[in-house]
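Visitor:
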Amino acid sequence: MRIRHYMVLWAITVAGSAAADARFDTSEQRPLNHFSLAYAQVQIDDLAERDLRRMIYYADRATTTLQTMVEGADTRSIYEQDKANKRFRESIVRLADAGARSGLSMDQVADYYTQIVFDKFGQSFMQQVGALAGGLDFRTLFRNVATIPDPDTNAQDEGASFLEALSAASQTLELDTAYAENGQLVEINPAAQNGSDRPTAFPNANAIELNIIDRIEVVDGQWQLTVRAGDSLSTIASAIYGNALAYTTIYGANTQVINNPNVIDVGTLLVLPKP
Amino acid sequence: MPHLKSLFSAIFTLILLGSPGFAQDVWITPDTPFVELELNDQFLVIERNPDNDAVIPAAFAKTSRACPPFCIQPLKVADGVETYGELELLDFLENVAQAGNGLLIDARTPNFFKAGTIPGSINLPFTLLSADESNPFLEPILTQLGGVKQADGSWDFANATTLALFCNGPWCGQSPRAIRNLLSVGYPADKLKYYHGGMQNWLMLGLSVVVPES
Chain A
-3 MRIRHYMVLW AITVAGSAAA DARFDTSEQR PLNHFSLAYA QVQIDDLAER
47 DLRRMIYYAD RATTTLQTMV EGADTRSIYE QDKANKRFRE SIVRLADAGA
97 RSGLSMDQVA DYYTQIVFDK FGQSFMQQVG ALAGGLDFRT LFRNVATIPD
147 PDTNAQDEGA SFLEALSAAS QTLELDTAYA ENGQLVEINP AAQNGSDRPT
197 AFPNANAIEL NIIDRIEVVD GQWQLTVRAG DSLSTIASAI YGNALAYTTI
247 YGANTQVINN PNVIDVGTLL VLPKP
Chain B
352 MPHLKSLFSA IFTLILLGSP GFAQDVWITP DTPFVELELN DQFLVIERNP
402 DNDAVIPAAF AKTSRACPPF CIQPLKVADG VETYGELELL DFLENVAQAG
452 NGLLIDARTP NFFKAGTIPG SINLPFTLLS ADESNPFLEP ILTQLGGVKQ
502 ADGSWDFANA TTLALFCNGP WCGQSPRAIR NLLSVGYPAD KLKYYHGGMQ
552 NWLMLGLSVV VPES
């Protein structure tokens, strides 16, 4: 535990200096050139024109999202940063997919992208990313980001689960305003506007989520929860944000006390960012 | 030092910890996350803004431009002219335009077009389609679209390309007017499609917009 704690602090320090040092030249966008492909040991002639255009499109996007993710990190809320991270990850997934469709291996796409990032942001940036990743090589790094555990689970099914999701979403749809007869917006839920101190359960909350809501303590205006057996970050996120995937928000605010978001220790005191 | 923490979470959690369910979660339909197109030697992607908090851009947030001239348009612009929603328009781009059998026409004046348009569209301002005989542009445009002018001055549109037209929104009369002008010179109604929603509905759904290169 102590070693992990040290590593976390160290990584935060490195990340901080990365933010301070990284210089991004937005005025000069270097063209994605032959050299980049040569680095990936692919002859430019090997790719059909259409494949090449697609690769360039997605590589360009993956570079932009990387820049966005890192550049604004010091001014964003955790919630917004989470979105930027997600955009970056999606763009890498799409780039890897474009590579696969062009007959490139994952390593070739990784090399290609690494070269583009190197061309654009320079060596010190690459070193900082490398350090942040705990010394993982870029091919492994790319593979980790690009790999979605089970693509099938992401497919949206217009069956019962879709209707359930739709029904849940409409129940949690809270309007703070309504139209008065003159077409002006009026507040209908002043409590929501003022931000009531205690968390409120979503209308479709289950027993576990209601229990979590009940146990949240307000200390100096901050929401805190002591972990009990059976708790998970995703159920807590589901209880307070109505979205299990928002567990990353809680994790982001508690990196000092959580080693692995999949395993939280009983007795840990979590700080829960308000929605 | 919250920002350090957030940057840390940005890179560290993202890269080292595989998190489930990170695919794009604002799809076009349950079967279509996004649409890729190869049009005019360009690679294009049409998708929806993945940001769940996104709102319609301010330029298209106005509800009440003066009517006339900005009046609500009927869903059916003319007999035989099919009206498209977004999915029909995407289908047109994928299966008709991409195969070289149709064009997506942005019928707005160039200043609007330059500010942003639907990917893959071509700007053909409604003003240039005026059926007025004094309009010097009509003949070359119709010829470009595949029309053949006959000796008697009428047009043969047997090989004319199919057009899908749109403008700024359901309150925009530019594309309906362009369609009526084309019909008046004999352009076949079944080769004309009307995207009623226009830019405003397109943006309301968070769909991709491109700024044309000058």
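Those sequence lines, one after another, are chains A and B.
Going by my numbering, 16 is the number at position 20 of the first sequence; the sequence numbering is gapless.
Numbers given in my numbering equal positions in the second sequence, counted from 1, plus 351.
All C-beta atoms in this analysis are idealised placements derived from N, C-alpha and C, irrespective of residue type, glycine included.
Values in this document were obtained by computation on a predicted structure and should not be read as measured data.
1) Any beta carbon from chain A within less than 8 Å of B:V396's own beta carbon?
2) At least one CB of chain B closer than 8 Å to the CB of A:E67: is that the case?
3) For A:P271, I'd like the list of residues in its chain whose CB is within less than 7 Å of its CB, leaving aside the five on either flank, ordered along the chain.
4) Relative to the alpha-carbon of B:A405, which residue among B:V562, B:P491, B:L558, B:P563 has its alpha-carbon at the smallest distance?
5) List, in order along the chain, the chain A residues whose C-beta lies closer than 9 Å to that of B:I389?
6) Can you name the residues of chain A whose CB is closer than 9 Å to the CB of B:P401?
7) What separation, rounded to the nearest whole angstrom, lies between the Cα atoms of B:L554 and B:I407?
8) Check whether the Cβ of A:Y53 lies closer than 8 Å to any Cβ atom in chain B.
9) Label A:I40 either buried or exposed according to how many other C-beta atoms from any shown protein chain fall within 10 Å of its C-beta, with 16 as the threshold for buried.
10) Please classify A:G202 as buried or exposed, where buried requires at least 16 neighbouring CB atoms within 10 angstroms.
11) Applying the criterion that 16 or more other CB atoms from any shown protein chain within 10 Å of the CB defines a buried residue, is B:N462 buried or exposed?
12) When DSSP builds the beta bridges, which residues end up paired with B:D457?
13) Given that a residue counts as buried once 16 or more other Cβ atoms are within 10 Å of its Cβ, and exposed if not, what is A:A249?
14) At the level of alpha carbons, what is the spacing between A:Y210 and A:L268?
15) When the cut-off is 8 Å and only beta carbons count, does A:R211 lie next to chain E?
16) Can you tell me whether A:T264 is helix, strand or coil according to DSSP?
17) Touching or not, the stretch 515 to 526 of chain B and the stretch 455 to 475 of chain B, by the rule of three or more beta carbon pairs under 8 Å?
18) Assuming B:A448 and B:G471 are in contact, meaning their beta carbons sit under 8 Å apart, how far apart are those beta carbons, in whole angstroms?
19) Leaving out five residues on either side along the sequence, give the residues of the same chain with a beta carbon under 8 Å from the beta carbon of A:I260.
20) Under three-state DSSP, which class holds A:L62?
21) What's the call for B:P425, buried or exposed, on a 16-neighbour Cβ count within 10 Å?
22) Measure the CB-CB distance between A:F114 and A:M122 and report whether it falls below 8 Å.
23) Taking three-plus beta-carbon pairs below 8 Å as touching, is the stretch 428 to 436 of chain B in contact with the stretch 536 to 554 of chain B?
24) Are the Cβ atoms of B:L444 and B:L455 separated by less than 8 Å?
25) Among A:N207, A:S234, A:A58, A:T231, which has the Cα closest to the Cα of A:T110?
26) B:N446 and B:T513 look like a contact to me (Cβ under 8 Å); what is the Cβ gap, rounded to whole Å?
27) Quick check on the DSSP output: what are the complete alpha helix (DSSP H) runs of length 4 or more inside the stretch 372 to 401 of chain B, in order along the chain?
28) Using a Cβ-Cβ cut-off of 6 Å (strictly less than) and excluding sequence neighbours within five positions of A:Y54, which residues of its own chain qualify?
29) Which partner residues of B:V499 appear in the DSSP bridge assignment?
30) Rounded to the nearest angstrom, what separates B:V536 and B:P476 at their Cα positions?
Guide: Looking at the coordinates:
1) yes
2) no
3) I236, Y237
4) B:L558
5) According to the sequence provided, residue 389 of chain B is Glu. The question's Ile does not apply to it. R46, R49, R50, listed in chain order.
6) K79, K82, R83, E86
7) 6 Å
8) Closer than 8 Å to some Cβ of chain B, the Cβ of A:Y53 qualifies, so yes.
9) Note that A:I40 scores 47 on pLDDT, short of 50, meaning its location in the model is unreliable; the coordinates nonetheless yield the value given after this. That one is exposed.
10) Here residue 202 of chain A is Asn; the residue named in the question, Gly, does not match the sequence. Looking at its Cβ environment, which holds fewer than 16 other Cβ atoms inside 10 Å, A:N202 is exposed.
11) exposed
12) B:N474, B:F517
13) Answer is buried; the Cβ neighbour count reaches 16.
14) The question names Tyr, but residue 210 of chain A is Asp in the sequence shown. Computed Cα separation, rounded: 14 Å.
15) Any reference to chain E falls outside this structure, whose protein chains are A and B.
16) coil
17) yes
18) 6 Å
19) V223, D227, S228, L229, I254, L266
20) helix
21) exposed
22) yes
23) yes
24) yes
25) A:A58
26) Incorrect: roughly 11 Å between the Cβ atoms, too far for contact.
27) none
28) Excluding sequence neighbours, A:Y54 sits near R90, L91, A94.
29) Listed as beta-bridge partners of B:V499 by DSSP are B:D507.
30) 17 Å
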